[in-house]
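Each residue of the sequence shown is one higher than the last, beginning at 0 in numbering that gives the first Met the number 0.
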Amino acid sequence: MVKVGLFFLAEDAASVVSVLARREALQIEQVPTELKDYLSPSFPEAFREAFRRLREHYEPLAQRWQVSGQAFVSMVQQSVPTIEEMGRLTALLETLHQQGDAIDRQAKQLRERQVELEHFDEYVRALADLDIDIKALADLRFLHLRVGTVPLENLERLRESAALAEDLVLTLGTRRDRAHVLVVGAGGITLDLEGLLAKAHFEPFEPMSPLLSGNPEQIRRQLKSDKEAVQLALNELEEEDAQLRAGGWESLLTAGAVLARGAVFVECEEAMAGREAVAFLAGWVPRERLPELEEALAREVAGPVALAYEPPGRAAIPEGQPPSALSVPLMFRASAALVSLYGAPGYDELNPALVLAATTPVLFGMMFGDVGYGLLLVIAALAGRRRLRTWVAPLLSCGIGSTVFGFLYGSVFGVEHWLPALWLRPMDEPFRLLETALWVGVGFLLATFLLKAISLALQGRTREAIFGFQAGAGAVFYGGAVLALRSLHLEQAVPSLALGLIAGGLLLAVVHGIQQLRAHGRSKLTDLLSEFFHGSLTLLTNTLSFLRLAAFALAHSALSMALFMLVETIPPTAAGWPFRVGVFVGGSLLILVLDALAVGVQTIRLEFYEGLARYYRGDGQVYRPLRFPQATPP
């Protein structure tokens with residue numbers, strides 16, 4: 000990965016960005032600190048303003064007509080749009096927007112009219128039993144009438160309170176949770192009665208329209224006619240909106256595609272700087288893509304383009320860590336996704352996806368070794384490959400690992416007398432299995448020392464790779480300590496090789512400590528001693544952690560034995576056989592789910608805490624080059 004600085008004419012900015020996005024080779028970076036004082040923004044606001052105005056008109060229409068990004072992504076051209084192109088589309092969308100707003104305003108008025116008519120209809124329905132001219136109700140001189148609704152729970156209280164004031168409350172009917180009432184006030188509605196109505200949550204009907212006259216039946220026919228007219232007008236507006244959508248759909252999709260292209264330039268413009276007529280843009284490019292990019296810029300950009308670049312570690316331009324261009328084979332992508340949960344690999348780090356892909360089946364299979372259950376996992380992976388996609392590979396590899404260890408254990412669905420054990424039977428030789436688990440842990444941890452040393456060497460820290468306690472010195476010390484402890488366990492004399500390895504590891508660590516003290520002073524001594532003692536204790540706990548490989552294998556055998564004991568309690572009679580089969584199948588499925596989940600979690604734990612934590616930082620950033628939007632595959 001190389002940090003590149005591009006110098007070009009400001010008038011060629013759109014052409015340069017188009018080439019970069021088409022080639023998908025440059026990850027944009029902000030202007031380096033050392034150049035900020037020299038360079039200053041030099042681009043007019045014309046492009047950004049044209050982009051903003053187009054987006055302002057596009058977004059409400061896209062929301063109105065439910066346009067998704069995938070609807071127009073196939074129309075995205077491989078070039079930055081011009082200001083004139085965005086201006087033409089803005090004018091077109093502005094017209095569509097105005098026409099749509101006019102339709103919305105008319106539709107809103109019609110819907111409000113619908114509500115008003117429904118309101119009147121409820122009023123008239125409440126007075127349906129009164130065969131009088133409703134308009135005459137408003138002309139009474141000595142009585143004041145109020146018609147409206149109150150909540151049913153407040154009706155009785157309102158009636159009692161009105162009676163005390165010598166007013167009358169008549170119930171005309173009920174609708175849902177409200178009562179339609181006619182309030183009669185002698186000599187007019189008093190302030191006291193108004194207060195009672197307010198406390199009862201009385202909702203009056205609006206005064207009658209002067210057009211509404213006659214008895215209730217005549218008015219309801221008139222209301223029905225008005226409702227039909229309003230609905231017809233709404234239908235016509237919907238048809239008009241559909242025609243507007245059909246006529247403007249293509250233009251709206253074109254605008255969406257133009258905005259997608261313009262967003263690429265806006266992203267670059269924010270990272271650009273310039274001085275007078277010259278612009279500058281910085282970013283990361285894979286070393287092998289550099290000649291191709293230089294050639295494309297020279298061929299497709301009218302003005303001159305100068306590239307300044309140096310590799311990481313020696314660059315005058317770089318700031319921050321280079322991104323990592325991850326290239327992982329398809330079968331290892333699920334392992335890479337698992338690694339990404341821990342963190343992205345740094346530019347100068349090994350990608351541990353291959354390590355996880357190789358070790359995960361071994362760890363999983365040793366804890367869940369069973370031919371029957373392993374084959375079920377394989378079948379499940381193959382059957383669900385369309386849904387599982389990238390996770391097919393790890394599930395398939397774990398199923399194969401479980402099957403292989405099932406043959407080694409001689410276990411089929413927990414039955415250990417159908418197949419001969421090619422290695423051992425866990426319940427018959429538990430101590431041998433525990434010893435093997437420890438040796439697997441020792442080999443795993445020694446591999447982490449090697450991987451740490453390689454990572455340090457890639458970072459140019461060769462001395463630390465050899466003398467560091469987390470790398471070379473630690474591996475030598477750990478190997479000697481393991482041999483010494485094995486001899487003590489067997490009540491044998493500690494071999495000279497073990498003592499030599501321990502002494503050699505300590506000597507290398509001391510040399511590293513002296514180098515650190517010379518570089519950082521005596522204040523570093525406490526940190527070095529703490530690192531040594533903490534590292535030694537961690538090695539012990541890391542090693543013992545691998546005993547879980549044997550523990551879960553024994554637990555699986557014990558669960559299988561318990562299932563068979565349960566099945567044997569059911570009599571092998573004609574009536575009992577269906578229950579025996581049902582209990583066996585149900586118990587086997589339960590064991591499959593529980594063991595697969597538990598062992599899967601323990602496998603990830605070993606990979607993360609006993610593996611990645613020892614040699615992997617995971618503080619990198621994934622390489623994401625500038626590109627035009629692309630369609631998402633179905």
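Note that the Cβ used here is the ideal one computed from N, Cα and C, for glycine as well.
CA-to-CA distance, residue j to residue i, given in whole angstroms
i: Glu216; j: Glu117; result: 15 Å
i: Ala420; j: Gly405; result: 8 Å
i: Ala276; j: Glu269; result: 17 Å
i: Glu293; j: Pro344; result: 28 Å
i: Ala314; j: Ile82; result: With a pLDDT of only 44 at Ala314, under 50, the local geometry of the prediction cannot be trusted, and the value read off the model is given with reservation. If I take the Cα positions, the gap works out to 36 Å.
i: Thr461; j: Phe430; result: 41 Å
i: Ala324; j: Phe448; result: 25 Å
i: Pro351; j: Gly617; result: 10 Å
i: Arg145; j: Glu227; result: 29 Å
i: Pro209; j: Arg51; result: Any reading at Pro209 is ruled out, since the residue's pLDDT is 48, under 50, leaving its predicted position unreliable.
i: Gln230; j: Arg219; result: 16 Å
i: Leu362; j: Gly273; result: 56 Å
i: Val592; j: Ala573; result: 30 Å
i: Ala259; j: Val265; result: 10 Å
i: Asn153; j: Leu163; result: 16 Å
i: Phe7; j: Gln620; result: 28 Å
i: Leu395; j: Val354; result: 16 Å
i: Leu95; j: Gly247; result: 7 Å
i: Ala256; j: Val598; result: 48 Å
i: Phe476; j: Leu500; result: 6 Å
i: Leu516; j: Leu455; result: 20 Å
i: Val377; j: Gly398; result: 5 Å
i: Leu374; j: Tyr408; result: 15 Å
i: Arg158; j: Val168; result: 6 Å
Residue i burial status per 10 Å Cβ neighbour count (16 or more: buried)
i: Gln601; result: buried
i: Ser654; result: Here the chain covers residues 0 to 633 and nothing more, so residue 654 does not appear.
i: Glu606; result: buried
i: Tyr372; result: buried
i: Pro303; result: exposed
i: Arg570; result: Per the sequence shown, the amino acid found at residue 570 is Pro instead of Arg. So Pro570 counts as exposed.
i: Lys451; result: buried
i: Ala297; result: exposed
i: Pro317; result: The predicted model places Pro317 with a pLDDT of 44, which falls under 50 and marks its position as unreliable; any figure quoted below should be read in that light. Buried is the call here.
i: Thr542; result: buried
i: Tyr608; result: exposed
i: Ile644; result: Within the shown structure, residues of the chain are numbered from 0 to 633, placing residue 644 beyond reach of any answer.
i: Val584; result: exposed
i: Thr525; result: exposed
i: Ser160; result: buried
Sequence-distant residues of the same chain with beta carbon closer than 7 Å to residue i, five excluded per side
i: Ala333; result: Thr389, Trp390, Ala392 and Pro393
i: Ala634; result: One cannot answer for residue 634 here, as it falls past the ends of the chain, which runs 0 to 633.
i: Gly520; result: none
i: Gly282; result: Val3, Leu25, Gln26, Ile27 and Glu28
Distance cut-off 7 Å: residue i Cβ against heavy atoms of the ligand COA
i: His179; result: As presented, the structure is devoid of all ligands, the ligand COA included, so that no description of it is given.
Spatial neighbours of residue i in its chain, beta-carbon cut-off 6 Å, leaving aside the 5 residues before and after
i: Val338; result: Pro351 and Ala352
i: Val510; result: Phe466
i: Ser556; result: Pro425 and Met426
i: Pro633; result: Legend: pLDDT at Pro633 = 34, less than 50; position of this residue unreliable, no value from coordinates given.
i: Ala483; result: Val493 and Ala497
i: Gly473; result: Phe448
Closest residue to residue i among the options (Cα-Cα distance)
i: Glu93; options: Gly599, Leu489 and Leu53; result: Leu53
i: Ala307; options: Lys223, Leu280, Val300 and Ser486; result: Leu280
i: Pro321; options: Arg623, Glu10 and Ala9; result: Arg623
i: Lys223; options: Arg112, Glu287 and Asp176; result: Arg112
i: Glu115; options: Asp225, Gly194 and Ser401; result: Asp225
i: Phe443; options: Phe545, Leu169 and Ala549; result: Phe545
i: Asp166; options: Ala90, Leu181 and Arg177; result: Leu181
i: Thr402; options: Leu423, Val370 and Gly383; result: Val370
i: Glu84; options: Glu55, Ile603, Phe46 and Ala178; result: Phe46
i: Arg21; options: Val439, Ala295 and Phe578; result: Ala295
Neighbourhood of residue i by C-beta distance below 8 Å, restricted to the same chain and skipping five residues each side
i: Arg156; result: Ala199
i: Leu457; result: Asp347, Glu348 and Leu349
i: Glu23; result: Pro624, Leu625 and Arg626
The segment 11-25 contacting the segment 78-90, beta-carbon criterion three pairs below 8 Å | yes
Is the segment 553-560 in contact with the segment 405-414, if contact means three or more CB pairs nearer than 8 Å?
-> yes
Would you call the segment 460-475 and the segment 495-509 in contact, with 3 or more CB pairs under 8 Å?
-> Touching, yes, given that three or more Cβ pairs across the two stretches are closer than 8 Å.
Do the segment 144-153 and the segment 195-202 make contact, defined as three or more Cβ pairs closer than 8 Å?
-> yes
contact_flag[the segment 233-247, the segment 98-112] where n(CB pairs < 8 Å) is 3 or more = Contact between the segment 233-247 and the segment 98-112 is present, because at least three Cβ pairs lie under 8 Å.
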